[in-house]
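A.B. asks: Shown below is the structure under consideration.
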Amino acid sequence: MELKDLQKDRLDRLVAKMKKGDRAAAGTLYDELAPKLYGFIFSRTSSREIAEDLSQEIFIKLIERVKSFDDKKGRFTVWFWRMARNTLIDYYRQKKATPFSHFEDDEVAGMAVGEIPDTDNVLAHHRLRAVVATFSREDQELFELRFAAEMSYKEIAVILEKPEGTLRVAALRLKEKINKEFK
Amino acid sequence: MKFFNSSKTKKLPREARKGLTPRKEFLMHGKERFLTAFDASPLATHAYERPPYISIFFKTGIGVMAALCVAVGVSAYADNANVAATSPLYPLKRLSENVQLALTPTQGKAQLQATFAVRRASEIDALQTSNPTSTLIPQLTSDLDQDISSSLNVVVGVNTNNRDDNFGRNHGDGNGSSSIDTSIGAGQASSGTTAAVVISGATTTENSTSTLASTSISAKASISITSPTSSVNIYCAAFNMSTSGALFGSLEDNLNQHPGALVQFVQQCSDENRGSHYYQSDDASTTASATTTRRGGDRGVQTGTDIHSLGGGL
Numbered sequence: 015m016e017l018k019d020l021q022k023d024r025l026d027r028l029v030a031k032m033k034k035g036d037r038a039a040a041g042t043l044y045d046e047l048a049p050k051l052y053g054f055i056f057s058r059t060s061s062r063e064i065a066e067d068l069s070q071e072i073f074i075k076l077i078e079r080v081k082s083f084d085d086k087k088g089r090f091t092v093w094f095w096r097m098a099r100n101t102l103i104d105y106y107r108q109k110k111a112t113p114f115s116h117f118e119d120d121e122v123a124g125m126a127v128g129e130i131p132d133t134d135n136v137l138a139h140h141r142l143r144a145v146v147a148t149f150s151r152e153d154q155e156l157f158e159l160r161f162a163a164e165m166s167y168k169e170i171a172v173i174l175e176k177p178e179g180t181l182r183v184a185a186l187r188l189k190e191k192i193n194k195e196f197k
Numbered sequence: 037m038k039f040f041n042s043s044k045t046k047k048l049p050r051e052a053r054k055g056l057t058p059r060k061e062f063l064m065h066g067k068e069r070f071l072t073a074f075d076a077s078p079l080a081t082h083a084y085e086r087p088p089y090i091s092i093f094f095k096t097g098i099g100v101m102a103a104l105c106v107a108v109g110v111s112a113y114a115d116n117a118n119v120a121a122t123s124p125l126y127p128l129k130r131l132s133e134n135v136q137l138a139l140t141p142t143q144g145k146a147q148l149q150a151t152f153a154v155r156r157a158s159e160i161d162a163l164q165t166s167n168p169t170s171t172l173i174p175q176l177t178s179d180l181d182q183d184i185s186s187s188l189n190v191v192v193g194v195n196t197n198n199r200d201d202n203f204g205r206n207h208g209d210g211n212g213s214s215s216i217d218t219s220i221g222a223g224q225a226s227s228g229t230t231a232a233v234v235i236s237g238a239t240t241t242e243n244s245t246s247t248l249a250s251t252s253i254s255a256k257a258s259i260s261i262t263s264p265t266s267s268v269n270i271y272c273a274a275f276n277m278s279t280s281g282a283l284f285g286s287l288e289d290n291l292n293q294h295p296g297a298l299v300q301f302v303q304q305c306s307d308e309n310r311g312s313h314y315y316q317s318d319d320a321s322t323t324a325s326a327t328t329t330r331r332g333g334d335r336g337v338q339t340g341t342d343i344h345s346l347g348g349g350l
């Protein structure tokens with residue numbers, strides 16, 4: 015069994031406890047998922063505020079809907095990230111916001127660093143955004159799920175309804191491009 | 037190796053990840069808001085959060101209690117059903133007996149051990165019928181001897197201080213054959229309980245050196261107690277069954293260790309063995325009637341003589 019499988023099993027156990035009202039388990043689940051969820055949304059929106067707001071909104075949905083999660087029907091991670099992705103899609107439908115690669119550089123910089131700019135993070139975000147902007151729409155989504163949300167290929171295959179092997183090859187290709195930029 | 041490769045392919049370069057890292061303040065405040073919402077949700081409304089260690093102790097405790105309940109239940113069954121020595125439940129029966137013995141006050145131990153002695157005798161009889169070469173027989177014989185010995189120790193002490201036990205007996209016809217049909221009737225014990233012992237023996241052996249464990253009772257007779265009884269009744273009756281009076285070695289030893297009790301025992305039992313059909317204790321309010329029918333003649337004189345000789349230099 016791989017580490018990621020153990021990790022997923024751990025998340026399943028945490029969510030089971032959370033459903034029973036275990037506050038500590040809920041807190042641990044937040045610690046595990048919040049950074050990845052933020053990265054997933056931020057990579058799409060390039061907006062710190064939007065990423066934070068949507069992250070918070072998704073966690074509130076988690077509390078509201080976790081009772082409906084049935085571990086016999088699938089893994090929690092798939093259920094959670096499907097909910098996150100749908101929330102993001104709904105956001106774009108309602109706001110008609112601009113996807114990641116369509117923001118202007120200055121705008122991205124302002125959103126990314128907030129009131130107290132972190133120069134390193136801003137520069138990193140600029141460079142990453144530049145690479146991701148060259149990806150196709152499908153590759154951008156794969157990038158978000160694989161490298162921002164850090165999902166397994168098996169889980170991404172369920173969400174995107176694509177063969178696991180195809181996703182694996184595509185993700186490696188994307189990573190080579192990113193590595194080349196950050197050498 | 038797949039494990040490491042998988043991690044490497046998932047992670048972006050450190051520099052690239054910086055571009056997706058959230059603010060610490062966001063994570064901190066976001067968690068507070070999340071937990072506040074959680075606390076207000078139906079999930080937490082009726083939830084009781086047990087500390088992990090209590091949960092572990094609780095589960096362990098439940099497991100231990102369940103195991104104990106099963107063990108006690110099976111032991112009680114084995115005890116009530118009086119399972120045979122060859123039964124897989126027999127060790128539990130013995131365990132149950134030991135527990136009963138440990139929980140019984142001193143005054144009642146003799147009664148209980150006498151009951152157990154009867155059980156052992158019955159078990160030995162059953163084994164000798166079904167499997168005479170069974171290796172369990174020597175062990176059970178030893179247990180029987182110990183039960184009798186322990187019981188006698190207690191009985192002797194009790195009777196030294198409580199002389200109002202009385203006995204009513206019906207003996208066999210004592211026709212001199214090796215077959216004895218003996219029954220002991222009811223009597224009022226000092227505790228107010230009715231004592232009644234029935235001893236029905238198939239055969240006794242004319243062996244002056246025999247012991248209760250090896251021949252007189254366990255091997256040759258079956259004993260059943262039909263109601264609460266006095267242990268002394270058993271020993272007296274068993275004693276009377278012997279034609280020699282030297283019924284078992286342990287009896288001699290125990291009586292010799294308790295001279296006062298010996299006098300009482302001899303008085304009680306020898307009255308019977310002398311052919312008395314009626315025994316009256318020192319306490320006139322506690323009397324019992326008895327009839328004696330003995331096959332094969334009256335052996336009481338011989339037995340009585342032997343009983344008195346047990347006292348040695350007393």
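The listed protein sequences correspond, in order, to chains H and F. Sequence positions in the first sequence follow my numbering and run 15 to 197. Sequence positions in the second sequence follow my numbering and run 37 to 350. In this text, a Cβ means the ideal position worked out from N, Cα and C, and glycines have one as well. For clarity, every value in this text was computed on a predicted model and none was experimentally measured.
Between which two residues does the alpha helix (DSSP H) carrying residue 189 of chain H extend?
C.D. replies: Looking up residue 189 of chain H in the first sequence gives position 175. First-last of the alpha helix (DSSP H) with residue 189 of chain H: 178-195.
A.B. asks: Alpha carbon to alpha carbon, what distance is there between residue 180 of chain F and residue 356 of chain F?
C.D. replies: Within the shown structure, residues of chain F are numbered from 37 to 350, placing residue 356 of chain F beyond reach of any answer.
A.B. asks: Taking 8 angstroms as the CB-CB cut-off, is residue 162 of chain H touching chain F?
C.D. replies: Translated into positions along the first sequence, residue 162 of chain H becomes position 148. Yes, residue 162 of chain H lies at the interface with chain F (some Cβ there is under 8 angstroms from its Cβ).
A.B. asks: On the CB-based measure, 16 or more other CB atoms within 10 Å of its CB, does residue 106 of chain F come out buried or exposed?
C.D. replies: Here residue 106 of chain F refers to the residue found at position 70 of the second sequence. Exposed, by the Cβ-count rule.
A.B. asks: Kindly list, in the order they appear in chain F, the residues whose Cβ is closer than 9 angstroms to that of residue 33 of chain H.
C.D. replies: Position 19 of the first sequence holds residue 33 of chain H. Within chain F, the residues near residue 33 of chain H are 79.
A.B. asks: If I'm right that residue 111 of chain F touches residue 131 of chain F with Cβ under 8 angstroms, what's the distance once you round it to whole angstroms?
C.D. replies: Start at 1 with the first residue of the second sequence, and residue 111 of chain F comes out as number 75. Start at 1 with the first residue of the second sequence, and residue 131 of chain F comes out as number 95. So it is a contact: roughly 6 angstroms between Cβ atoms.
A.B. asks: Quick one: Cα of residue 146 of chain H to Cα of residue 154 of chain H, how far?
C.D. replies: Along the first sequence, read from residue 1 onward, the residue named residue 146 of chain H stands at position 132. Along the first sequence, read from residue 1 onward, the residue named residue 154 of chain H stands at position 140. Cα to Cα, the separation comes out at about 6 angstroms.
A.B. asks: For the alpha helix (DSSP H) that contains residue 75 of chain H, what are its first and last residues?
C.D. replies: Position 61 of the first sequence, counted from the start, is the residue given in the question as residue 75 of chain H. Looking at the DSSP string, the run of the alpha helix (DSSP H) that includes residue 75 of chain H is 62-79.
A.B. asks: Is residue 49 of chain F helix, strand or coil when you go by DSSP?
C.D. replies: Working through the second sequence from its first residue, we reach residue 49 of chain F at position 13. In this structure, residue 49 of chain F counts as coil in the three-state DSSP scheme.
A.B. asks: Taking residue 25 of chain H as the query, report the chain A residues whose CB atoms sit under 8 angstroms from its CB, ordered along the chain.
C.D. replies: This model lacks chain A altogether; the protein chains it does include are H and F.
A.B. asks: Could you give the first and the last residue of the continuous alpha helix (DSSP H) run that contains residue 156 of chain H?
C.D. replies: Working through the first sequence from its first residue, we reach residue 156 of chain H at position 142. Where residue 156 of chain H is concerned, the enclosing alpha helix (DSSP H) stretches over 151-157.
A.B. asks: What number of angstroms, rounded off, separates the C-alpha of residue 285 of chain H from the C-alpha of residue 195 of chain H?
C.D. replies: The shown model of chain H, from 15 to 197, leaves out residue 285 of chain H, and the question about it has no answer.
A.B. asks: Quick test of your reading: residue 170 of chain H and residue 156 of chain H, contact by CB under 8 angstroms. State the CB separation rounded to the nearest angstrom.
C.D. replies: As a first step, residue 170 of chain H must be located in the first sequence, where it is residue number 156. As a first step, residue 156 of chain H must be located in the first sequence, where it is residue number 142. The pair is a contact, with the Cβ atoms about 7 angstroms apart (cut-off 8 angstroms).
A.B. asks: Residue 48 of chain F and residue 161 of chain H - do their beta-carbons sit closer together than 8 angstroms?
C.D. replies: Residue mapping note: residue 161 of chain H aligns to position 147 of the first sequence, counting from 1. Residue mapping note: residue 48 of chain F aligns to position 12 of the second sequence, counting from 1. Going by C-beta atoms, residue 161 of chain H is nearer than 8 angstroms to residue 48 of chain F.
A.B. asks: With distances taken between CB atoms, is the gap from residue 120 of chain F to residue 126 of chain F smaller than 8 angstroms?
C.D. replies: Here residue 120 of chain F refers to the residue found at position 84 when the second sequence is read from its first residue. Here residue 126 of chain F refers to the residue found at position 90 when the second sequence is read from its first residue. Yes, the Cβ-Cβ distance between residue 120 of chain F and residue 126 of chain F is below 8 angstroms.
A.B. asks: Do the region 46-61 of chain H and the region 96-107 of chain H meet, that is, are 3 or more Cβ pairs less than 8 angstroms apart?
C.D. replies: Flag = yes, the region 46-61 of chain H and the region 96-107 of chain H touch.
A.B. asks: What residue from H:64, H:82, H:43 and H:41 has the CA that sits closest to residue 52 of chain H's CA?
C.D. replies: For the purposes of this step, residue 52 of chain H is taken as the residue at position 38 of the first sequence. If we check each option's Cα against that of residue 52 of chain H, H:64 comes out closest.
A.B. asks: Cα separation between residue 32 of chain H and residue 98 of chain H?
C.D. replies: As a working note, residue 32 of chain H is residue 18 in the first sequence. As a working note, residue 98 of chain H is residue 84 in the first sequence. Taking the straight line from one Cα to the other gives about 18 angstroms.
A.B. asks: Using a beta-carbon distance below 8 angstroms, is residue 171 of chain H in contact with chain F?
C.D. replies: Translated into positions along the first sequence, residue 171 of chain H becomes position 157. No - not a single Cβ of chain F is within 8 angstroms of the one on residue 171 of chain H.
A.B. asks: Residue 150 of chain H: which of H:184, H:164 and H:83 sits nearest, CA to CA?
C.D. replies: For the purposes of this step, residue 150 of chain H is taken as residue 136 along the first sequence, with counting starting at 1. Nearest option by C-alpha distance: H:184.
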